[in-house]
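Student: Just passing along the structure, written as structure tokens.
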Amino acid sequence: METICIIVAFNGRWTEDYKYLDHQTKLVLVPEAIRFEDFIKQIFEVIELDRDKFEALTWFDINLGTSKEIIKDSTLFKIVKIEKNHDFSINTMKADQRHATSKLISDYIIDNLRDPRFEVTPAFVMAEMQKLHRLDIRYHKAWRAIQLASTLIRGTPEENYELLSSYLYMMRSKNPGTYTNIKIDDNNRFLYMFYAYGSSISGWNHCRPVIVVDATFLKLKCCGVLMISVSKDANNQIFPLAFGIAESENNNSYEWYFSKLRNAIGSRENLIFLSDRHQAIAYGIAKVYPESHHGICIYHLEQNLKRRKVRS
Numbered sequence: 006m007e008t009i010c011i012i013v014a015f016n017g018r019w020t021e022d023y024k025y026l027d028h029q030t031k032l033v034l035v036p037e038a039i040r041f042e043d044f045i046k047q048i049f050e051v052i053e054l055d056r057d058k059f060e061a062l063t064w065f066d067i068n069l070g071t072s073k074e075i076i077k078d079s080t081l082f083k084i085v086k087i088e089k090n091h092d093f094s095i096n097t098m099k100a101d102q103r104h105a106t107s108k109l110i111s112d113y114i115i116d117n118l119r120d121p122r123f124e125v126t127p128a129f130v131m132a133e134m135q136k137l138h139r140l141d142i143r144y145h146k147a148w149r150a151i152q153l154a155s156t157l158i159r160g161t162p163e164e165n166y167e168l169l170s171s172y173l174y175m176m177r178s179k180n181p182g183t184y185t186n187i188k189i190d191d192n193n194r195f196l197y198m199f200y201a202y203g204s205s206i207s208g209w210n211h212c213r214p215v216i217v218v219d220a221t222f223l224k225l226k227c228c229g230v231l232m233i234s235v236s237k238d239a240n241n242q243i244f245p246l247a248f249g250i251a252e253s254e255n256n257n258s259y260e261w262y263f264s265k266l267r268n269a270i271g272s273r274e275n276l277i278f279l280s281d282r283h284q285a286i287a288y289g290i291a292k293v294y295p296e297s298h299h300g301i302c303i304y305h306l307e308q309n310l311k312r313r314k315v316r317s
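Each residue of the sequence shown is one higher than the one before, starting from 6 at the first, in this note's numbering.
If you want it as structure tokens, here you go:
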């Protein structure tokens with residue numbers, strides 16, 4: 006049976022110059038010979054609107070030409086595009102539909118991405134599209150859809166780094182005693198960031214004089230590392246002290262990080278730092294905390310010995 010692919014935009018708003026913005030989109034497949042009433046009913050079922058709320062379209066012709074852009078005046082939805090020539094039927098659809106773009110799929114999954122109960126992975130998206138719409142999409146298309154939806158919710162890494170100063174300002178406003186710092190280069194580009202919550206700073210005096218320092222990679226477009234300092238409280242629980250961001254683990258970044266850590270929490274008698282064997286950490290501690298002791302974490306040492314034994 007010949008079918009028509011229709012993209013419907015809904016839940017949007019009309020501007021004064023008749024543009025339809027901030028909308029969601031869904032793909033609808035209908036038989037070419039469908040009656041107008043059945044066509045409208047199917048659209049309402051797909052976008053989950055009450056049929057009684059329908060406001061009649063001013064004009065519609067199901068036999069419009071291929072790829073012709075049209076606009077429908079309705080406060081409830083808008084027909085964005087009608088595509089008569091496509092490679093799938095309503096019953097047997099071709100795998101990885103080119104009409105089901107990553108942008109279209111991102112509109113379907115954006116609510117799942119906002120919901121903490123769902124772990125939205127490419128496999129999850131592929132399964133959902135197959136279950137709900139009988140569409141087979143490839144892994145990379147599902148991954149791109151997740152990235153697009155994530156960008157709509159959280160913004161791009163570049164946009165978020167531009168907002169970092171404002172974010173830290175609000176952090177200080179809502180958390181009295183919080184210490185923050187940002188360093189930029191001569192071209193006004195981001196270099197380092199540091200923050201320690203006021204509650205962590207005040208609670209440090211009631212912790213053991215031991216600070217564990219480590220870093221982990223930021224697996225994002227801009228890369229970098231997240232530096233972390235923790236201690237242990239009187240209940241033997243891990244107590245977070247401070248966090249920082251830098252381009253990599255090197256002498257300059259750790260010297261800057263430890264200087265801000267000292268500004269935030271100061272020093273204590275018989276202070277001990279624990280870390281892995283990274284030379285940049287040892288360098289930063291020696292430069293900023295020369296009076297303290299520095300030890301190697303036995304767990305990291307054990308893991309290094311195991312790896313070396315396997316290699317040998």
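Note that CB positions come from ideal geometry on N, CA and C, so glycine has one too.
(1) When burial is assigned at 16 or more other CB atoms within 10 Å of the CB, is GLY289 buried or exposed?
(2) Under the three-state reduction of DSSP, which class applies to MET198: helix, strand or coil?
(3) Which residue marks the beginning of the beta strand (DSSP E) containing LEU246, and which one marks its end?
(4) Count the other CB atoms, across all protein chains shown, that sit within 10 Å of the CB of SER234; report buried if there are 16 or more and exposed otherwise.
(5) Thinking just about the alpha-carbon of each residue, which of VAL33, SER258, GLY300 is nearest to the one in LEU137?
(6) Under three-state DSSP, which class holds ASP43?
(7) Please classify ARG312: does DSSP put it in a helix, a strand, or coil?
(8) Tell me whether ILE233 sits in a helix, a strand or coil according to DSSP, three-state version.
(9) Would you identify the three-state DSSP class for ASN256, choosing helix, strand or coil?
(10) Between which two residues does the alpha helix (DSSP H) holding ILE114 run?
(11) Between which two residues does the alpha helix (DSSP H) harbouring ILE206 extend?
(12) Return the CA-CA distance between ALA147 and ILE45, expressed in angstroms with no decimal places.
(13) For THR221, name the three-state secondary structure that DSSP assigns.
(14) Please return the same chain residues whose Cβ sits closer than 8 Å to the Cβ of ALA291, not counting the five positions on each side in sequence.
(15) Using a beta-carbon distance below 8 Å, is ALA287 in contact with chain C?
(16) Following the continuous alpha helix (DSSP H) through PHE129, name the residue where it begins and the one where it ends.
(17) Can you check which of these residues, TRP19, PRO181, CYS302, is closest to ILE277 by C-alpha distance?
(18) Can you have a look at LYS265 and say buried or exposed, based on whether 16 or more other CB atoms are within 10 angstroms of its CB?
(19) Tell me, to the nearest whole angstrom, how far the beta carbon of VAL230 is from that of ALA251; I am working on the premise that it is less than 8 Å.
(20) Taking DSSP as the reference, what is the three-state secondary structure of SER170?
(21) Are at least three pairs of beta-carbons, each pair with one atom in the segment 243-260 and one in the segment 190-202, less than 8 Å apart?
(22) Mapping the DSSP letters down to three states, classify THR156 as helix, strand or coil.
(23) Where does the unbroken alpha helix (DSSP H) through TYR288 begin, and where does it stop?
(24) If we call anything under 8 Å between Cβ atoms a contact, is ILE368 one with VAL13?
(25) Measure the beta-carbon distance from SER171 to ILE187 and round it to whole angstroms, keeping in mind my assumption that it falls under 8 Å.
(26) Looking at the structure shown, is GLY17 part of a helix, part of a strand, or coil, going by DSSP?
(27) Would you call the segment 164-184 in contact with the segment 118-132, where contact means no fewer than 3 C-beta pairs closer than 8 Å?
(28) With DSSP as the reference, identify every bridge partner of ASN186, one or two as the case may be.
(29) Compute the beta-carbon to beta-carbon distance between ILE286 and TYR259, rounded to the nearest angstrom, for a pair I have assumed lies under 8 Å.
(30) With H, G and I counted as helix, E and B as strand and the rest as coil, what does DSSP make of ALA301?
Tutor: Walking through what the data contain:
(1) Classification of GLY289: buried, given that the 10 Å Cβ count is 16 or more.
(2) In the three-state reduction of the DSSP assignment, MET198 falls in the strand class.
(3) That run of the beta strand (DSSP E) goes 243-251.
(4) By the beta-carbon neighbour count (other beta carbons within 10 angstroms, threshold 16), SER234 is buried.
(5) It is VAL33.
(6) Residue state, collapsed to three classes: helix.
(7) If DSSP states are grouped into helix, strand and coil, ARG312 belongs with the helices.
(8) Here ILE233 sits in strand by DSSP.
(9) Helix.
(10) Residues 107-119.
(11) Start and end: 203-208.
(12) Just so you know, the alpha carbons of ALA147 and ILE45 end up roughly 29 Å apart.
(13) DSSP places THR221 in strand when its eight states are reduced to three.
(14) HIS299.
(15) Here chain C cannot be found, since the structure has a single protein chain.
(16) In the DSSP assignment, PHE129 falls within the unbroken alpha helix (DSSP H) covering 127-138.
(17) For ILE277, the nearest C-alpha among the options comes from CYS302.
(18) Buried, since its Cβ has 16 or more Cβ neighbours within 10 Å.
(19) Their Cβ separation, rounded to whole angstroms, is 6 Å, which keeps VAL230 and ALA251 in contact under 8 Å.
(20) DSSP, read as helix, strand or coil, puts SER170 in helix.
(21) Touching, per the Cβ criterion.
(22) THR156: helix per DSSP, three-state reduction.
(23) Counting along the chain, the alpha helix (DSSP H) containing TYR288 begins and ends at 284-293.
(24) Residue 368 falls outside the range modelled here, since the chain spans only 6 to 317, and no answer is possible.
(25) Not quite, the Cβ-Cβ distance comes to about 11 Å (not below 8 Å), so this is no contact.
(26) The DSSP-derived three-state label of GLY17 is coil.
(27) A contact is defined here as three or more CB-CB pairs under 8 Å, and the segment 164-184 fails this definition with respect to the segment 118-132.
(28) As computed with DSSP, ASN186 is found in a beta bridge with PHE199.
(29) With 8 Å as the limit, ILE286 and TYR259 qualify as a contact, their Cβ atoms being about 6 Å apart.
(30) Looking at the sequence itself, residue 301 is Ile, so the reference to Ala does not match. In the structure shown, ILE301 sits in a strand (DSSP, three-state: E or B).
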